[in-house]
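First residue of the sequence shown? That's 24 in this note's numbering, and the numbers climb one at a time after it. Glycine included, C-beta positions come from ideal geometry on N, C-alpha and C. This one's a predicted model, so the numbers in the text were calculated from it and none came from an experiment.
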Amino acid sequence: MVQNSATYPTNTGSTLSRRFSVAPMMDWTDRHCRYFLRILSKNALLYTEMVTTGALLNGDHERFLRHNEAEHPLALQLGGSVPLDLAACARMAQEHGYDEVNLNVGCPSDRVQNNMIGACLMGHPQLVADCVKAMRDAVSIPVTVKHRIGINGRDSYEELCDFVGTVRDGGCTSFTVHARIAILEGLSPKENRDIPPLRYDVAARLKADFPELEFILNGGIKTMEACHEHLQTFDGVMLGREAYHNPYLLAEVDQQLFGSSAPVISRAEALAQLRPYIAEHLLAGGAMHHITRHVLGLGTGFPGARKFRQLLSVDIHKAKDPLALLDQAAELLAGR
24 MVQNSATYPT
34 NTGSTLSRRF
44 SVAPMMDWTD
54 RHCRYFLRIL
64 SKNALLYTEM
74 VTTGALLNGD
84 HERFLRHNEA
94 EHPLALQLGG
104 SVPLDLAACA
114 RMAQEHGYDE
124 VNLNVGCPSD
134 RVQNNMIGAC
144 LMGHPQLVAD
154 CVKAMRDAVS
164 IPVTVKHRIG
174 INGRDSYEEL
184 CDFVGTVRDG
194 GCTSFTVHAR
204 IAILEGLSPK
214 ENRDIPPLRY
224 DVAARLKADF
234 PELEFILNGG
244 IKTMEACHEH
254 LQTFDGVMLG
264 REAYHNPYLL
274 AEVDQQLFGS
284 SAPVISRAEA
294 LAQLRPYIAE
304 HLLAGGAMHH
314 ITRHVLGLGT
324 GFPGARKFRQ
334 LLSVDIHKAK
344 DPLALLDQAA
354 ELLAGR
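1) Assign residue 75 to one of three DSSP states: helix, strand, or coil.
2) Give a yes or no on contact between the stretch 71 to 83 and the stretch 279 to 299, applying the rule of three or more CB pairs nearer than 8 Å.
3) DSSP three-state label for residue 347, please.
4) Within a Cβ cutoff of 6 Å, which residues of the same chain sit near residue 195, ignoring the five residues on either side of it in sequence?
5) Just reading off the beta strand (DSSP E) that residue 102 is part of, what are its end residues?
6) Based on the DSSP secondary-structure assignment, which residues constitute the bridge partners of residue 205?
7) Consult DSSP for residue 24 and reduce its assignment to one of helix, strand or coil.
8) Restricting to Cα atoms, I'd like to know which of 183, 312, 322 is closest to residue 142.
9) Does the stretch 168 to 181 come into contact with the stretch 204 to 224, if we say contact requires no fewer than three beta-carbon pairs (one atom in each stretch) closer than 8 Å?
10) Please give me, in chain order, every unbroken run of the alpha helix (DSSP H) with length at least 4 that falls completely inside the stretch 111 to 186.
11) In whole angstroms, what is the alpha-carbon distance linking residue 39 and residue 65?
12) Is any heavy atom of the ligand ADP found at a distance shorter than 7 Å from the C-beta of residue 109?
13) When you compare each of 299, 99, 104 to residue 139 by their alpha carbons, which one comes out closest?
14) Which residue marks the beginning of the beta strand (DSSP E) containing residue 225, and which one marks its end?
15) Could you have a look at residue 238 and say whether DSSP puts it in helix, strand or coil?
16) If you check the beta carbons only, do residue 188 and residue 221 fall under 8 Å apart?
17) Can you tell me which of 109, 111, 71 puts its alpha carbon nearest to the alpha carbon of residue 379?
18) Closer than 7 Å by C-beta to residue 152: which residues in its own chain qualify, once you throw out the five before and the five after it? Chain order, please.
19) By Cβ distance below 6 Å, which residues in the same chain neighbour residue 349 in space, the five residues on each side in sequence not counted?
20) Would you check if the distance between the CB atom of residue 145 and the CB atom of residue 199 is smaller than 8 Å?
21) Does residue 44 come out as helix, strand or coil in the three-state DSSP assignment?
22) Take residue 111 as the anchor and find which of 69, 159, 171, 92 has the nearest alpha-carbon.
23) Closest to residue 288 by C-alpha separation, out of 165, 164, 357, 148, would be which residue?
24) Taking residue 128 as the reference, which of 122, 119, 116, 149 has the closest Cα?
25) Among 61, 42, 41, 33, which one has its Cα closest to the Cα of residue 267?
26) Compute the Euclidean distance between the alpha carbons of residue 265 and residue 244, then round it to the nearest angstrom.
27) Figure out for me which residue from 305, 113, 327, 197 has the closest Cα to the Cα of residue 77.
28) I'd like to check one pair, residue 147 with residue 122: are the Cβ atoms closer than 8 Å?
29) Tell me which same chain residues have a C-beta within less than 8 Å of the C-beta of residue 316, skipping the five on either side of it?
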């Protein structure tokens, strides 16, 4: 495995490093998932699921914004396209202690398109710039944008540069680039994560042409070796599905990418540190599977891994003593 002994800014105090982050993922990166991932890495920047401005302004915003202090550094991803609404939601984020606000300009689903949210906004760069400016005027925390390299019908490099340049002029200095175009008709969100080809070269060209801006690469990154390779070109890397399905990957992030000298946490110790949080959730009336569904990825690549996953995904629903079942699963991680 590639080693890197250099020291890089860590996420402490007032600094915010995007050298490694976990992508916002609907139904996955909830507060329980983020608490677990934070046990594995102290420096990874974590993102919420996308929250729409309508949900915050018209719904139970406390439920959407709730988080544990241990989750920091933490960014809120917003979905919306009305500058005043986004500004109001950015203020909520700052008041609730979030470290960054990110605007979603990459989600391709029909549902969000119909509300002018997500990747369709790449066809409206000035509107995105107006949204960024409104949020920047409203808060002192960073405002960033996550986007694709294009959408069908607007996928030339010139149009991508127009988008980035226009949004930069609105005040955005940090862009997270999912290095695929989005097909807005005919493909599901899942297919849009696989079928359009990855074009790291296009994202790298952006970094070369806009050297004053921060570019974080997203899409298809699965190993620490790949992280090291891409960090030769980009300012940061963002992992999505791999970080969720193989969360133990995060256990080496602090040592490999942030120069930490702390020992790498074991799978067993990670689950042990999560246990008090689970117990507290149970006392508050919650169900254990709300949390343990996010730790199933710890059970990969060793004898007993399948049993570990079965205990926490199937048996858990009929367990009379959930914590005893958790301890049974933990025994399978002993020494790992």
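The structure says:
1) Locating residue 75 in the sequence shown gives position 52, counting from the first residue. Strand.
2) Short answer: they don't touch.
3) Reading the sequence shown from its first residue, position 324 is the one you call residue 347. In the displayed model, residue 347 falls within a helix according to three-state DSSP.
4) In the sequence shown, residue 195 corresponds to position 172, counting from 1. Beyond the five residues adjoining it in sequence on each side, residue 195 comes within less than 6 Å, by CB distance, of 155, 168 in the same chain, given in chain order.
5) Counting from 1 along the sequence shown, the entry for residue 102 is found at position 79. It spans 97 to 102 - the beta strand (DSSP E) in which residue 102 sits, taken as one unbroken run.
6) Residue 205 sits at position 182 when you count from the first residue of the sequence shown. In the DSSP output, where bridge partners are listed per residue, residue 205 has 174.
7) Residue mapping note: residue 24 aligns to position 1 of the sequence shown, counting from 1. Unreliable placement is indicated for residue 24, whose pLDDT of 37 sits below 50; the coordinate value is still reported in the next sentence. In the structure shown, residue 24 sits in coil (DSSP, three-state: anything other than H, G, I, E or B).
8) Walking along the sequence shown from the start, residue 142 turns up at place 119. Closest in C-alpha terms to residue 142, from the list 183, 312, 322, comes 183.
9) Because the criterion of three Cβ pairs below 8 Å is met, the stretch 168 to 181 and the stretch 204 to 224 touch.
10) Counting only runs of 4 or more, we get 133 to 136, 148 to 161.
11) Locating residue 39 in the sequence shown gives position 16, counting from the first residue. Locating residue 65 in the sequence shown gives position 42, counting from the first residue. Cα atoms of residue 39 and residue 65: separation of roughly 12 Å, rounded to the nearest angstrom.
12) Annotation note on the ligand ADP: not contained in the displayed structure, which lists no ligands.
13) In the sequence shown, counting from the first residue as 1, residue 139 sits at position 116. Nearest of 299, 99, 104 to residue 139, Cα basis: 104.
14) Looking up residue 225 in the sequence shown gives position 202. Counting along the chain, residue 225 falls outside any beta strand (DSSP E), though it belongs to the alpha helix (DSSP H) covering 223 to 232.
15) For the purposes of this step, residue 238 is identified with residue 215 of the sequence shown, where counting begins at 1. Shown here, residue 238 sits in a strand according to DSSP, grouped into three states.
16) In the sequence shown, the residue the question calls residue 188 occupies position 165. In the sequence shown, the residue the question calls residue 221 occupies position 198. Taking C-beta atoms as the reference points, residue 188 and residue 221 fail to come closer than 8 Å.
17) Nothing in the structure corresponds to residue 379, since the chain is present only between 24 and 359.
18) Along the sequence shown, one-based indexing puts residue 152 at 129. For residue 152, where only same-chain residues beyond five positions count, the Cβ hits under 7 Å are 189, 190, 192, 193.
19) Within the sequence shown, numbered from 1, the residue matching residue 349 stands at position 326. Same-chain partners within the cutoff: there are none.
20) In the sequence shown, the residue the question calls residue 145 occupies position 122. In the sequence shown, the residue the question calls residue 199 occupies position 176. It is not a contact, given that the beta carbons lie outside the stated cut-off.
21) Numbered from its first residue, the sequence shown carries residue 44 at position 21. Shown here, residue 44 sits in a strand according to DSSP, grouped into three states.
22) Taking the sequence shown and counting its residues from 1, one reaches residue 111 at position 88. Considering only alpha carbons, the answer is 159.
23) Residue 288 sits at position 265 when you count from the first residue of the sequence shown. Of the listed residues, the one whose Cα sits closest to residue 288 is 357.
24) If you number the sequence shown from 1, residue 128 lands on position 105. Nearest neighbour of residue 128 by Cα position, chosen from 122, 119, 116, 149, turns out to be 149.
25) Walking along the sequence shown from the start, residue 267 turns up at place 244. It is 61 whose Cα lies nearest to the Cα of residue 267.
26) For the purposes of this step, residue 265 is identified with residue 242 of the sequence shown, where counting begins at 1. For the purposes of this step, residue 244 is identified with residue 221 of the sequence shown, where counting begins at 1. Distance between the alpha carbons of residue 265 and residue 244 is about 8 Å.
27) In the sequence shown, the residue the question calls residue 77 occupies position 54. The shortest Cα separation from residue 77 among 305, 113, 327, 197 belongs to 113.
28) Locating residue 122 in the sequence shown gives position 99, counting from the first residue. Locating residue 147 in the sequence shown gives position 124, counting from the first residue. Against a cut-off of 8 Å, the Cβ pair of residue 147 and residue 122 comes out as no contact.
29) Mapped onto the sequence shown, residue 316 falls at position 293. Excluding sequence neighbours, residue 316 sits near 335, 336.
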